[in-house]
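Structure record follows, encoded as structure tokens.
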């Protein structure tokens with residue numbers, strides 16, 4: 001249903017899209033509205049002290065807003081309403097751990113990828129070691145994510161249960177509603193690292209896919225895409241991209257993860 | 001961290017959101033949405049019910065059809081469509097909070113239209129005849145004789161509808177409005193292992209609010225009944 005709705009929105013948009021350039025609109029408004037997660041550490045989440053949304057995606061968004069020279073406004077989003085927010089014009093960009101896929105490219109444009117990850121699983125210790133074991137299991141996924149789609153399409157014997165976001169899926173795993181949950185490995189590592197009861201769970205030792213995350217933009221905004229890509233490449237060049245990465249995934253963090261992707265690498 | 005500490009560390013966020021540093025949220029925003037929507041719904045319902053009773057046939061038809069239509073749409077769908085589709089179709093950008101207030105007011109108003117219409121119909125025909133034979137117009141009869149009695153009958157319907165509205169404010173989460181349920185999920189998702197204390201607190205807050213309404217309704221009813229008995 002969601003896909004149909006987005007399609008309907010899309011049709012309506014293409015019918016009225018001979019409007020002004022979005023980059024000019026953003027400059028005129030003085031505000032860049034970016035859809036970011038509010039519940040997915042460390043990409044976008046509510047900081048316990050400041051009560052503001054922070055995270056890796058937010059850091060990247062901040063640089064884009066600074067480059068355009070406008071204020072950053074974060075629109076809290078979840079995996080399922082990212083694209084509707086963008087398509088209906090409620091947000092100018094998506095910076096929400098947004099994986100590049102050909103299907104999504106029909107509805108939105110992508111910047112260069114600024115993050116890479118792969119689909120992995122968290123399960124109770126000792127219950128999941130190979131992809132073959134997925135058959136017949138109940139696995140929790142986030143609604144509207146590439147992981148959900150991959151499971152449904154390539155692992156038909158797996159019973160997929162969809163949740164609004166990853167922490168909710170993790171709660172279902174704790175309660176025994178599902179045997180495993182799936183997400184990007186990077187996100188799962190951070191989730192597990194923050195879990196007070198992490199000893200009971202583990203990340204299964206296999207990766208299903210290699211995925212690339214990028215900024216999502218409205219269709220046909222070439223100038224906006226150009227600015228965003230310039231910012232991303234600039235961040236890599238001046239070392240800021242590595243600094244942001246290390247702040248969230250570096251050796252000193254709770255979920256250290258070696259950096260195996262650089263902005264500008266071939267996706 | 002114990003369950004109690006989780007609640008005490010986040011209570012201000014649950015009650016007020018990121019206010020005063022940021023926009024108002026949490027319970028306070030829920031109350032603002034709930035009260036505004038209840039007020040608008042009551043006015044709409046009163047107007048709609050009166051139109052259904054006294055209005056010209058065409059207008060009556062129109063109100064009846066819109067009310068029936070609105071009663072048949074799930075609130076969450078109406079919010080979703082208003083928020084995501086209106087900007088695309090008509091290039092109007094309605095902020096999330098306003099969308100939710102409008103959707104709740106429309107649907108609440110539709111239900112109350114039926115309740116007001118039924119309440120007026122429940123007043124014996126003799127009251128109308130008495131009014132008209134004293135030389136009152138139909139409008140005067142309604143306003144001075146029928147409506148004061150009908151409103152008394154309708155009090156429970158109004159209170160019920162307000163309580164439904166209060167609970168439906170939680171649907172604002174779908175468009176990212178930071179009301180009580182929305183901020184509670186944010187807190188729950190960060191703390192991860194304390195869903196029970198977090199959502200028990202939320203339940204308690206809604207319960208306090210709704211039982212407060214019930215109490216007010218009961219008081220109002222007895223006062224109104226007292227006036228009527230004179």
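Protein chains in written order, with UniProt numbering: chain R, 1 to 267; chain A, 1 to 230.
Even glycine gets a Cβ: it sits at the ideal position worked out from N, Cα and C.
Beta-bridge pairing of residue i - partner residues as DSSP gives them
| i | result |
| --- | --- |
| residue 71 (chain R) | R:31 |
| residue 109 (chain R) | R:217 |
| residue 212 (chain R) | R:116 |
| residue 53 (chain R) | R:46 |
| residue 40 (chain R) | R:44 |
| residue 140 (chain R) | R:161 and R:181 |
| residue 76 (chain R) | R:36 |
| residue 124 (chain R) | R:201 |
| residue 24 (chain A) | A:17 |
| residue 99 (chain R) | R:213 |
| residue 94 (chain R) | R:35 and R:216 |
| residue 179 (chain A) | A:26 |
Contact with chain R by residue i, beta-carbon distance below 8 angstroms
| i | result |
| --- | --- |
| residue 87 (chain A) | yes |
| residue 193 (chain A) | yes |
| residue 21 (chain A) | yes |
| residue 8 (chain A) | no |
| residue 30 (chain A) | no |
| residue 229 (chain A) | Confidence in residue 229 (chain A) is poor, its pLDDT being 47 and thus under 50, which makes the residue's placement unreliable; the coordinate value appears in the next sentence. So, not an interface residue. |
| residue 5 (chain A) | no |
Interface residues of chain A facing residue i [CB-CB closer than 9 angstroms]
| i | result |
| --- | --- |
| residue 90 (chain R) | 83, 84, 87, 93, 96, 175 and 176 |
| residue 39 (chain R) | 185, 186, 188, 189 and 190 |
| residue 172 (chain R) | In chain order: nothing, as chain A lies at least about 11 angstroms away. |
Whole-angstrom distance between residue j and residue i, CA atom to CA atom
| i | j | result |
| --- | --- | --- |
| residue 191 (chain R) | residue 44 (chain A) | 47 angstroms |
| residue 109 (chain R) | residue 222 (chain R) | 9 angstroms |
| residue 88 (chain A) | residue 80 (chain A) | 13 angstroms |
| residue 32 (chain R) | residue 88 (chain R) | 15 angstroms |
| residue 228 (chain A) | residue 153 (chain A) | Confidence in residue 228 (chain A) is poor, its pLDDT being 48 and thus under 50, which makes the residue's placement too unreliable to answer from. |
| residue 202 (chain A) | residue 62 (chain A) | 40 angstroms |
| residue 76 (chain R) | residue 35 (chain R) | 6 angstroms |
| residue 245 (chain A) | residue 201 (chain R) | No statement about residue 245 (chain A) is possible, as the shown extent of chain A runs from 1 to 230 and does not include it. |
| residue 85 (chain A) | residue 205 (chain R) | 43 angstroms |
| residue 162 (chain R) | residue 136 (chain R) | 16 angstroms |
| residue 134 (chain R) | residue 195 (chain A) | 28 angstroms |
| residue 77 (chain A) | residue 255 (chain R) | 39 angstroms |
| residue 183 (chain A) | residue 122 (chain R) | 26 angstroms |
| residue 18 (chain A) | residue 94 (chain A) | 22 angstroms |
| residue 212 (chain A) | residue 160 (chain A) | 12 angstroms |
| residue 216 (chain A) | residue 207 (chain R) | 59 angstroms |
| residue 199 (chain A) | residue 266 (chain R) | 45 angstroms |
| residue 63 (chain R) | residue 27 (chain R) | 15 angstroms |
| residue 280 (chain R) | residue 104 (chain R) | Given that chain R is displayed from residue 1 to residue 267, the structure contains no residue 280 (chain R) and the question cannot be resolved. |
| residue 64 (chain A) | residue 193 (chain R) | 57 angstroms |
| residue 206 (chain A) | residue 165 (chain A) | 11 angstroms |
| residue 15 (chain R) | residue 107 (chain R) | For residue 15 (chain R), the pLDDT reaches just 47, beneath the cut-off of 50, and the residue's location in the model is therefore unreliable, although a value from the coordinates is still provided. Answer to the nearest angstrom: the Cα atoms are 14 angstroms apart. |
| residue 139 (chain R) | residue 30 (chain A) | 34 angstroms |
Chain A within 8 angstroms of residue i, Cβ atoms only
| i | result |
| --- | --- |
| residue 75 (chain R) | yes |
| residue 24 (chain R) | no |
| residue 258 (chain R) | no |
| residue 84 (chain R) | yes |
| residue 131 (chain R) | no |
| residue 184 (chain R) | no |
| residue 165 (chain R) | yes |
| residue 197 (chain R) | yes |
| residue 17 (chain R) | Confidence at residue 17 (chain R) is low in this model, with a pLDDT of 48, below 50, so the placement of that residue should be treated as unreliable; the coordinate-derived value is given next. By this cut-off, residue 17 (chain R) is not an interface position. |
Cross-chain neighbours of residue i in chain A, by beta carbon under 7 angstroms
| i | result |
| --- | --- |
| residue 194 (chain R) | 192 |
| residue 46 (chain R) | 186 and 190 |
Interface partners of residue i on chain R, CB under 8 angstroms
| i | result |
| --- | --- |
| residue 18 (chain A) | 51 and 52 |
| residue 13 (chain A) | 51 |
Residue i at chain D interface by Cβ criterion, 8 angstroms
| i | result |
| --- | --- |
| residue 44 (chain A) | Among the protein chains in the structure shown, which are R and A, there is no chain D. |
Would you check if the segment 100-108 of chain A and the segment 123-136 of chain A touch, i.e. whether three or more CB-CB distances between them fall below 8 angstroms? no
Does the count of Cβ pairs from the segment 50-67 of chain A and the segment 168-179 of chain A closer than 8 angstroms reach three? no
Three or more beta-carbon pairs under 8 angstroms between the segment 124-142 of chain R and the segment 250-257 of chain R, yes or no? no
Do the segment 88-99 of chain R and the segment 233-245 of chain R make contact, defined as three or more Cβ pairs closer than 8 angstroms? no
Counting beta carbon pairs with one atom in the segment 153-169 of chain R and one in the segment 63-81 of chain R, are three or more of them shorter than 8 angstroms? yes
Measuring CB atoms only, is the segment 64-73 of chain R touching the segment 112-122 of chain R, in the sense that at least three cross pairs come out at less than 8 angstroms? no
Looking at C-beta atoms only, is the number of pairs between the segment 224-233 of chain R and the segment 148-157 of chain R that lie closer than 8 angstroms three or more? no
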